[in-house]
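Residue numbering for the sequence shown follows UniProt numbering, starting at 1 and increasing by one per position.
Positions of the beta carbon are idealized from the N, C-alpha and C atoms, including for glycine.
In this text, all values refer to a predicted model and were calculated from it rather than measured experimentally.
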Amino acid sequence: MGILQNDWVSFLITFFGTLFLIGELLVNARGLFGILGLGFITVFFYSFLSPSMFILMMLIYLIGLILIIIDGKLINDGTLATIGAVCMIIAVGFSSPNWVAGLYGVIGVILGGASSLFFLKAFKRRDMWSKITLIDQLSTEAGYNTMNETYKSLLNEEGVAQTDMRPVGTVQIKGRDYSAVTNGQWISKGATIMVEAVDGTKILVAKKQNNDVK
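Right, dumping it as structure tokens:
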């Protein structure tokens, strides 16, 4: 069993291993976290497994890590990252000498991965996670608030349909063209419309009814 004489030590080894490996993916630690994490995980697998099984389980664990990287760089929907996390947990669980050590190891992986998020508060984060973590905030500096306020000001304003709306089309309001949608109503080009609702940059319009009494 090597250095892992007590089952609870499995928790410490997998915790720090996963903490630093995931931390390396989240922040720019210049490879230091990656080296530390890989060292801890190597010690864990090497202490319990024969050389052939060591290679297999280490490979499964690293495949899980690679899936997380692919998700962060290309997919950005969390699916591959979840599969990767499961691979890491399976590798640790099946490599343990008994169920107690396995449970400690799995808990270490889960808590280590969760705790790595704290690195984001102290180190510069990597750009690869910008989409999944929504780094680009809708700020006034970026012009989003100003744009939304402009659209909100269109509420209850009248305009003219520039295209046939079936039910999506273009309308002109206050001399400017906007993309708009009706509530299932078809409106012919040239008809007078009124803005009924605005949701962000989505404009809901309806044909203005002629209420003049003859």
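Which of helix, strand or coil DSSP assigns to residue i
{"i": "Glu158", "result": "strand"}
{"i": "Thr150", "result": "helix"}
{"i": "Thr42", "result": "helix"}
{"i": "Ala114", "result": "helix"}
{"i": "Lys73", "result": "helix"}
{"i": "Asn6", "result": "coil"}
{"i": "Pro51", "result": "helix"}
For residue j and residue i, the rounded distance between their alpha carbons
{"i": "Glu149", "j": "Leu155", "result": "11 Å"}
{"i": "Phe15", "j": "Thr170", "result": "56 Å"}
{"i": "Met53", "j": "Arg30", "result": "31 Å"}
{"i": "Leu80", "j": "Val198", "result": "36 Å"}
{"i": "Ile63", "j": "Cys87", "result": "7 Å"}
{"i": "Thr201", "j": "Tyr151", "result": "6 Å"}
{"i": "Val195", "j": "Leu74", "result": "39 Å"}
Residues bridged to residue i (per DSSP)
{"i": "Gln172", "result": "Val160, Asp177"}
{"i": "Val27", "result": "Arg125"}
{"i": "Asp199", "result": "Lys202"}
{"i": "Ile193", "result": "Gly159, Lys207"}
{"i": "Ile187", "result": "Met165"}
{"i": "Thr182", "result": "Val205"}
Assumed close pair residue i, residue j - CB separation to whole angstroms, cut-off 8 Å
{"i": "Gly17", "j": "Ile41", "result": "4 Å"}
{"i": "Ile60", "j": "Ala91", "result": "4 Å"}
{"i": "Gly108", "j": "Phe11", "result": "4 Å"}
Option in the options with minimal Cα separation from residue i
{"i": "Gly23", "options": "Ile203, Val106, Ile68, Lys207", "result": "Ile68"}
{"i": "Val27", "options": "Ser116, Asn183, Pro51", "result": "Ser116"}
{"i": "Ile19", "options": "Asp7, Trp8, Glu196, Ile35", "result": "According to the sequence as given, residue 19 is Leu; it is not Ile. Looking at the Cα atoms, Ile35 is the closest of the given residues."}
{"i": "Asp177", "options": "Ser188, Trp186, Ile187, Gly159", "result": "Gly159"}
{"i": "Arg166", "options": "Val181, Ile75, Ala85", "result": "Val181"}
{"i": "Leu25", "options": "Arg125, Ile83, Glu157", "result": "Arg125"}
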